[in-house]
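Residue numbers for the sequence shown follow our numbering, beginning at 3 and rising by one.
To start, the structure itself, in structure tokens.
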Amino acid sequence: MSFCLDQRLQNDTIFLTDFSLCRLLLMNDKQYPWLILVPRVANLTEMHQLDLHQVTLYNQESMAVSQFLVDCYAPETLNIAALGNIVRQLHVHHIARFTSDKAWPKPIWGLYESQPYSDREVSEIRQQCLANESIKQLLVAPK
Numbered sequence: 003m004s005f006c007l008d009q010r011l012q013n014d015t016i017f018l019t020d021f022s023l024c025r026l027l028l029m030n031d032k033q034y035p036w037l038i039l040v041p042r043v044a045n046l047t048e049m050h051q052l053d054l055h056q057v058t059l060y061n062q063e064s065m066a067v068s069q070f071l072v073d074c075y076a077p078e079t080l081n082i083a084a085l086g087n088i089v090r091q092l093h094v095h096h097i098a099r100f101t102s103d104k105a106w107p108k109p110i111w112g113l114y115e116s117q118p119y120s121d122r123e124v125s126e127i128r129q130q131c132l133a134n135e136s137i138k139q140l141l142v143a144p145k
């Protein structure tokens with residue numbers, strides 16, 4: 003069985019790129035710099051289901067995404083979390099947080115209605131992301 007992105011993730015996010023293991027998505031809510039890594043493995047729901055090679059790839063990709071968020075946004079902290087309560091497919095949120103953000107210090111889930119990005123904003127974020135040195139090192143060459 004091949005990888006298929008959960009419908010809710012498809013509806014709520016914007017595709018940025020694919021790494022060796024994960025798909026990188028931008029949460030379509032400009033209130034928070036918020037990226038999601040989704041391992042492209044069929045029927046995956048929990049981190050412990052990854053094999054050791056996949057765990058290594060995931061860790062490299064997570065570190066690159068984290069470094070991108072630090073480089074571009076200089077957050078006060080990063081929230082990194084895998085929650086499977088609503089979307090069972092394994093996906094890991096990487097969120098740049100600031101004491102000045104609307105939800106601080108609470109978790110961001112479900113507090114406020116999303117504020118979608120404009121096409122221009124998405125284009126700028128995609129360009130920043132793909133130009134970032136940490137991200138560029140992990141990009142998969144097109145087939």
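Just so you know, even glycine gets a beta-carbon here, dropped at the ideal spot from N, CA and C.
Within its own chain, the residues whose Cβ lies closer than 8 Å to the Cβ of Ser22, once the five positions on either side in sequence are excluded, are Leu59, Glu63, Leu140, Val142, listed in chain order. Beta-bridge partners of Thr79 (DSSP): Arg99. For the options Trp111, Asp103, Asp31, the alpha carbon positioned closest to that of Glu78 is the one of Asp103. Contact between Ala98 and Tyr34 holds, with the beta-carbon distance rounding to 7 Å and staying under 8 Å.
By the Cβ-count criterion, Leu85 is exposed, with fewer than 16 other Cβ atoms from all chains shown falling within 10 Å of its own Cβ.
When secondary structure is reduced to three states using DSSP, Ile38 falls in the strand class.
DSSP places Asp14 inside the alpha helix (DSSP H), whose first and last residues are 9 to 14. Ile82 has its alpha-carbon roughly 23 Å from the corresponding atom of Gln129.
Non-local C-beta neighbours of Met49 in its own chain, meaning closer than 7 Å and more than five positions away in sequence, comprise Ala84, Leu92, ordered along the chain.
A direct Cα-Cα distance of roughly 23 Å separates Thr47 from Leu80. The three-state secondary structure of Leu46, taken from DSSP, is coil.
Burial state of Arg122 is exposed, judged by a 10 Å Cβ sphere holding fewer than 16 other Cβ atoms. Residue Arg42 holds the alpha-carbon nearest to the alpha-carbon of Cys6 among Arg42, Met29, Ala66, Cys24.
Leu52 is not a Cβ neighbour of Leu37, given a cutoff of 8 Å. For Phe21, the three-state secondary structure derived from DSSP is coil.
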